[in-house]
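Note that my numbering has the sequence shown beginning at 1, numbered continuously upward.
We put the beta carbon where it would ideally sit given N, CA and C, even for glycine.
Okay, so here's the structure we're looking at.
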Amino acid sequence: GSITIASLLPIMIYAYIFGIKKGTVAGLIYGILEAFQSPTILHPAQFLLDYPMAFACMGLTALFVELNVWSKRPKLQFMMGGVVAFSARFLMHFLSGIFAFGIFAPEGTPVAVYSLGYQTVYLIPDMLICLVVAFFLFSSKSFVRSVKQVRTV
Numbered sequence: 001g002s003i004t005i006a007s008l009l010p011i012m013i014y015a016y017i018f019g020i021k022k023g024t025v026a027g028l029i030y031g032i033l034e035a036f037q038s039p040t041i042l043h044p045a046q047f048l049l050d051y052p053m054a055f056a057c058m059g060l061t062a063l064f065v066e067l068n069v070w071s072k073r074p075k076l077q078f079m080m081g082g083v084v085a086f087s088a089r090f091l092m093h094f095l096s097g098i099f100a101f102g103i104f105a106p107e108g109t110p111v112a113v114y115s116l117g118y119q120t121v122y123l124i125p126d127m128l129i130c131l132v133v134a135f136f137l138f139s140s141k142s143f144v145r146s147v148k149q150v151r152t153v
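So this is what it looks like as structure tokens:
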């Protein structure tokens, strides 16, 4: 894993605008493309968890829009949806780490602890970067107005 400069933000915004289903498909496609760019594939199940499933979780950014929660607070909707999406992505990578990457755990370190530590080091900063950039975007009234004009959820 790696820390990026809000690389998933476009998928998150797409999900927020077009809903969980379309956002999930976009994330799934992104995950498959990511696998082509820098593949680390040890097992078919690990591939599914780390690539299509993990990035498909970004569709959950639209969760609070579809539940009609905080409808008058789009910034909060997006931020909380982003936390849910990244948490689901974290779970996919965590399970993959337990399943396939435990062989890299230092001797005496439980595989779950190793996976938890590894995922935390890059996913938490990656999430925070996305959410900070999103915070500033959603602080713009013109951005929020534009999103509302095209939103189909």
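So, are the CB atoms of residue i and residue j less than 8 Å apart?
i: residue 92; j: residue 130; result: no
i: residue 79; j: residue 134; result: yes
i: residue 20; j: residue 63; result: yes
i: residue 138; j: residue 132; result: no
i: residue 155; j: residue 55; result: Lying before the first or after the last residue shown, residue 155 is absent from the chain, which here runs from 1 to 153.
i: residue 13; j: residue 125; result: no
i: residue 94; j: residue 115; result: yes
i: residue 26; j: residue 61; result: no
i: residue 59; j: residue 15; result: yes
i: residue 96; j: residue 50; result: yes
i: residue 99; j: residue 45; result: yes
i: residue 39; j: residue 147; result: no
Answer with buried or exposed for residue i, where buried requires no fewer than 16 other C-beta atoms within 10 angstroms of its C-beta.
i: residue 110; result: exposed
i: residue 106; result: exposed
i: residue 82; result: buried
i: residue 23; result: buried
i: residue 65; result: buried
i: residue 89; result: buried
i: residue 119; result: buried
i: residue 41; result: exposed
So residue i is in the alpha helix (DSSP H); what residue range does that whole segment cover?
i: residue 57; result: Neither: residue 57 is in no alpha helix (DSSP H) and is coded neither H nor E.
i: residue 87; result: 74-100
i: residue 115; result: 111-138
i: residue 143; result: 141-150
i: residue 69; result: That residue, residue 69, is in no alpha helix (DSSP H); it is neither H nor E in DSSP.
Please confirm if residue i has its CB atom under 8 Å from at least one CB of chain C.
i: residue 124; result: Here there is only one protein chain, and chain C is not present.
Tell me the start and end of each unbroken alpha helix (DSSP H) in the region 11-51 that is at least 4 residues and wholly inside, in chain order. Taken in chain order, the whole alpha helix (DSSP H) runs of length 4 or more contained in the region 11-51 are 20-37 and 44-48.
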